[in-house]
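In the numbering used here, the protein residues as written are 160 to 471.
Cβ coordinates follow ideal geometry from the N, Cα and C atoms, glycine included.
Heads up, the thing below is written out as structure tokens.
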Ligand SMILES: [Fe+2]
Ligand SMILES: [Fe+2]
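Right, here's the structure in full:
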């Protein structure tokens, strides 16, 4: 049972560490508020965007500051960098299509089961919104490029930690995925340098994801506490898995195919050098700061992921 003092702190605190100890009534209120927002802000993804006939290739499809080689000096020719911006956009959108398809399958397995009964309504919004995102990300790639990249094989094994821990893994993966996307979407959704259609897609995704992230943090914490109470011995194994998933997610931004497609010589070496460049390592920590802090504050990480290196 939650102590009255904790409940009082949850109602008034602005400290993220205290907010993630939100009690049942706080979580129910959050779920109701997020569901109401999803209903009020519902849109038809198939009519929301005005798709131009073409997207000019002499424009930056992604701000060069957000390219995987930014700050490294590895590529300095503007034509090649603009090509990289196009292929990185396709890679970024493809990651959403493949990543969220896998995770939607896991969410669909859980909706309307007893353990997830209280989240049913919000999970319907989540699945509906992610289905819309998959559509518009894939639609952009098919309309203006050769389509999405194929799914890369993951070196991580699937779940299999036991049902309660698998729940933690699934929703932690969703949260990591959403925080990475939101880092880019929140910035490129306001970026006047990129074509209107791309700015609108990033902005629309950012708008929906802010709700998903708010839900995901509370849910992961609750699922974690439930799993830990039932099976405390797997704590370190889960921490390692989640950190490995963060590392894998960062590495997936550096798809070797993007370097091949934009015509750089020795694409695998360029990729390797970019991944391990000190400027990029500092960026990876920045990219993950918010979700890393959450996992530490929630007690899921004993040490920060920021101490690890994705290039190892
Ligand atoms: Fe999404
Ligand atoms: Fe989402």
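Taken atom to atom, the span from the alpha-carbon of residue 328 to that of residue 338 is near 15 Å. Residues of the same chain with their beta carbon placed closer than 6 Å to that of residue 448 are lacking, with the five preceding and five following residues left out of the count.
Taken through DSSP and simplified to helix, strand or coil, residue 202 comes out as coil. Look at residue 210 here: in three-state DSSP terms it is coil, with no helix or strand label. Contiguous alpha helix (DSSP H) elements confined to the segment 201 to 283 occur at 204 to 207 and 237 to 269, taking only those with 4 or more residues. Shown here, residue 348 sits in coil according to DSSP, grouped into three states, outside any helix or strand.
Apart from sequence neighbours up to five positions away, the residues of its chain that approach residue 249 with a beta-carbon distance below 6 Å are 300 and 304, ordered along the chain. Taking 8 Å as the cut-off, the beta carbon of residue 315 is found closer than this to the beta carbon of residue 407.
Using a 10 angstroms sphere on the CB of residue 229, the tally of other CB atoms reaches 16 or more, which defines it as buried. Per DSSP, residue 427 is one residue of the alpha helix (DSSP H) stretching across 426 to 435. Residue environment analysis places residue 202 among the exposed positions, since fewer than 16 neighbouring C-beta atoms fall within 10 angstroms of its C-beta. Residue 212 and residue 414 have their alpha carbons spaced roughly 28 Å apart. By the C-beta density criterion, residue 396 is exposed, having fewer than 16 other C-beta atoms within 10 angstroms. The beta carbon of residue 421 sits closer than 6 Å to the beta carbons of 239, 242, 243 and 246 from its chain, once the five residues preceding and following it are set aside; these are given in chain order. Counting the other CB atoms within 10 Å of its CB gives residue 284 a total of 16 or more, which places it among the buried residues. If you check the CB distance, residue 358 and residue 367 do not come in under 8 Å. Shortest gap from the CB of residue 341 to any heavy atom of ligand 1: 7 Å or more.
Not one heavy atom of ligand 1 is found less than 7 Å from the C-beta of residue 325. Just measuring C-alpha positions, the residue of 214, 348 and 336 sitting nearest residue 403 is 336. Residue 183 has its CB no nearer than 7 Å to any heavy atom of ligand 1. With a cutoff of 8 Å on beta-carbon distance, residue 365 and residue 348 are scored as near each other. Take residue 355, set aside five residues on each side of it, and no residue of its chain has a beta-carbon closer than 7 Å to its own. Collapsing the DSSP output to three states places residue 322 in a helix.
If the five residues before and after residue 458 are omitted, its C-beta is found closer than 8 Å to the C-beta atoms of 383, all from its own chain and listed in chain order. Taking 8 Å as the upper bound for CB-CB distance, residue 263 and residue 280 are not in contact here, some 17 Å apart. If you ignore the 5 residues before and after residue 331, its C-beta comes within less than 6 Å of the C-beta of 379 and 401, all in its own chain and listed in chain order.
Relative to residue 312, the option among 257, 462 and 340 whose CA is nearest is 257.
The continuous alpha helix (DSSP H) containing residue 406 extends over residues 394 to 411. Take the alpha-carbon of residue 226 and the one of residue 184: they are about 43 Å apart.
Residue 438 is classed as exposed because its beta carbon has fewer than 16 other beta carbons within 10 Å across all chains shown. Annotation: residue 210 to residue 219 spans about 17 Å, alpha carbon to alpha carbon.
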